[in-house]
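As given, the protein sequences belong to chains V and U, one line each in that order.
Heads up, our numbering is the position in the first sequence plus 79, with the first residue counted as 1.
Heads up, our numbering is the position in the second sequence plus 79, with the first residue counted as 1.
C-beta atoms are modelled at their ideal positions from N, C-alpha and C, and glycine is treated no differently.
There are 2 protein chains.
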Amino acid sequence: MTRSPVLPSAPLPPPGDAERPIVTVDIVLLTILDGRLQAGLTQREREPAAGAWTLPGGWVHTDEDQDADDAAVRILRDKAGLESPYLEQLRTFSGKHRDSRGWSLSIAYYAMVPGHICERDNLRFRWAPIDAARSLPFDHAEILRTAVERVRSKTLYSSLPVHLMPETFTLSQLQLTYEHLLEMALDKRSFRRRIEELNVIEEIDGAFTTGAGHRPAQLYRRRPHAARLATSSSNLPVA
Amino acid sequence: MTRSPVLPSAPLPPPGDAERPIVTVDIVLLTILDGRLQAGLTQREREPAAGAWTLPGGWVHTDEDQDADDAAVRILRDKAGLESPYLEQLRTFSGKHRDSRGWSLSIAYYAMVPGHICERDNLRFRWAPIDAARSLPFDHAEILRTAVERVRSKTLYSSLPVHLMPETFTLSQLQLTYEHLLEMALDKRSFRRRIEELNVIEEIDGAFTTGAGHRPAQLYRRRPHAARLATSSSNLPVA
DNA sequence: CAAATAGTGTCTTTAAGACACTATAGT
DNA sequence: ACTATAGTGTCTTAAAGACACTATTTG
């Protein structure tokens, strides 16, 4: 192939800084609370939309963040007091009109934590049932909807919801979590078969629930290899 | 919840332009050629890596692109002469070290076209078998690997590969395309059952292949609703 | 009619769902 | 002994795979 006689409308030097998009990271933080899927929201401190509750987010700090994953971890630490939640990139939302300050771009993530975490009350933070969060500012409602859709569809064939569980849990508790996520009842036998095949949790030898008025249940924990920061390929059905 | 006495390390005004990341779009353009999965590459015109073959990409033009999808469409038009290929966002790659010019961010897409398209030879463009493209500059090899992985895994449960087919095609040709993608043989009966259930292609009434030394084959086409620009949720298994 | 590929019938194997049954704690 | 939930056995149903068989063209 020879040199092109006419150059395609190819990039010349990097665009002037003024034309560079605004780059942020936004996070859909999910948990199960009161038997419902809830999203973590923070209250904005300044314009635009000062005072409004939004998805936790922030600028990418090119001086301190190695990459966008890093920025997401930092933001969750600062805004929700979380140390190592399960975190995975969702997708990037961009455009001229999604933010009044100009052409902007948000690398969106979703994160999952067990219920009853995030109780630092010096934070402007609260949980909201996902149905009550339909009217978030910017395009945050769309980001939330996309994340919930992604999490629900992964729930159908993967072990993603184990990241909503506490350190130790029973199979019945895990099944309840799946049922709250999917908003449908699951068959106990099929559920247990599926989870066992996925091979992501393990029995804790000799550890059982006590004190309930019925037969004690085996306690389980996540297998250690279940990473907290996932690449998008890690929970696919096996080929 | 009351106002926080100590502000979290929250964003102050937007970072100065100099600290904004460099934002590009890169595209993994795929086709089947010579019975193998191949990627479309363009030759870089300037530093860094001038002369090297890379994934087609370019700056986001905040003045003319409505959003990142728009930028991807423009880049494919300019660099590969394509008008409406199937296009879907893959994920965003970012970091301090992926480009020598500084903290950069690439919104990666994958695109799929029928073979024997893109034959404008005033373009610095060529096809390369994906195995021969392991040593692309920047992190383009990783982006390519991620895209191929995504496409292969979607092939297992979706109709994605119909976008690699020409206007009209036979079921045997479609099966061959799946087999080239997955690098495995598929059972004819199961394949036809699956495709029929997906409901994405339709018989062309009375149109058959001719001239081959054997029984003619029914010709098919994509059903019109099969969008060329997909959101990530559109090809999921049904709930 | 021989060769080659298109397309179908149907049996086998595997996975998913339904659902009853047994197990074991607390009261 | 009764209740409530944990956990298992097993039959039924649906999906996937294997593979032989029929169909229809060209030469």
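Query	Result
Taking the alpha helix (DSSP H) that S232/U belongs to, which residues open and close that run?	219-234
The beta strand (DSSP E) with F204/U in it runs from where to where?	204-208
Short check: CB of L134/V to CB of D157/V, under 7 Å?	no
Given a cut-off of 7 Å on the beta-carbon distance, is the pair A296/V and T289/V in contact?	no
Is the beta carbon of V241/V closer than 7 Å to that of R301/V?	yes
With the cut-off set at 7 Å, would you say T171/V and G136/V are in Cβ contact?	no
By DSSP, does L215/V sit in helix, in strand, or in coil?	coil
Using a beta-carbon distance cut-off of less than 9 Å, what residues from the segment 96-110 of chain V approach chain U?	D96, A97, E98, R99, P100, I101, V102, T103
In this structure, how does DSSP classify V152/U when only helix, strand and coil are distinguished?	helix
Q168/U versus chain V: which residues are under 8 Å apart at the beta carbon?	R170, T171
Going by Cα to Cα distance, which pick from L255/V, L250/V, I274/V is closest to D113/V?	L255/V
Going straight from the alpha carbon of Q168/V to that of Y189/V, what length do you get?	6 Å
Determine, for A147/V, whether the minimum Cβ-Cβ distance to residues of chain U falls below 7 Å.	yes
With 7 Å as the threshold, decide whether the Cβ of T141/V is near any Cβ in chain U.	yes
Using C-beta distances below 7 Å, list every residue in its chain close to G194/V, excluding the 5 sequence neighbours before and after it, in chain order.	T110, I111, L112
For W182/V, return the contacting residues in chain U, with the cut-off set at a CB-CB distance below 7 Å.	T141
What first and last residue would you give for the beta strand (DSSP E) that runs through S173/V?	165-174
Note down, in chain order, each residue of its chain lying with its Cβ closer than 7 Å to the Cβ of D178/U, except the 5 sequence neighbours on either side.	I101, F217
Indicate the three-state DSSP secondary structure (helix, strand or coil) for T141/V in the structure shown.	coil
Return no unless some Cβ of chain V is closer than 7 Å to the Cβ of I186/U.	yes
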